[in-house]
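> The structure under discussion is supplied below as structure tokens; questions concerning it will follow.
Residue numbers (full-length UniProt numbering): 1 to 73.
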């Protein structure tokens with residue numbers, strides 16, 4: 001898919017429209033005062049993700065992000 005240039009104001013005013021386009025595979029470079037600020041791209045496909053740890057095997061339902069961060073410190 002082609003990458004489109006999009007103004008920040010346009011994105012703010014039409015967020016749902018652009019979210020739908022990104023879900024369909026479109027990418028956007030968002031500009032503010034003609035300068036690139038950030039890029040919006042669709043997430044990688046599920047088969048590209050690798051499971052490192054399955055926290056549901058430790059506790060049914062997994063663990064909270066707060067608990068995970070506490071263990072990482």
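Even for Gly, the Cβ is constructed at its ideal location relative to N, Cα and C.
1. Specify whether the region 27-38 and the region 5-13 touch according to this definition: at least 3 beta carbon pairs, one from each stretch, less than 8 Å apart.
2. Measure the C-alpha to C-alpha separation of residue 56 and residue 67 and round it to an integer number of angstroms.
3. List the whole-angstrom C-beta distance separating residue 22 from residue 36, where the pair is believed to meet the contact cut-off of C-beta under 8 Å.
4. Put residue 41 into one of helix, strand or coil per three-state DSSP.
5. Among 34, 60, 40 and 2, whose alpha-carbon lies nearest the alpha-carbon of residue 18?
So, from the data block:
1. Below 8 Å, enough C-beta pairs join the region 27-38 and the region 5-13 to call them touching: three or more.
2. Residue 56 and residue 67: Cα-Cα distance of roughly 14 Å.
3. No, residue 22 and residue 36 are not in contact; Cβ-Cβ is about 17 Å, not under 8 Å.
4. Looking at residue 41 - three-state DSSP - the assignment turns out to be coil, as it is neither helix nor strand.
5. Comparing Cα positions, the closest option is 40.
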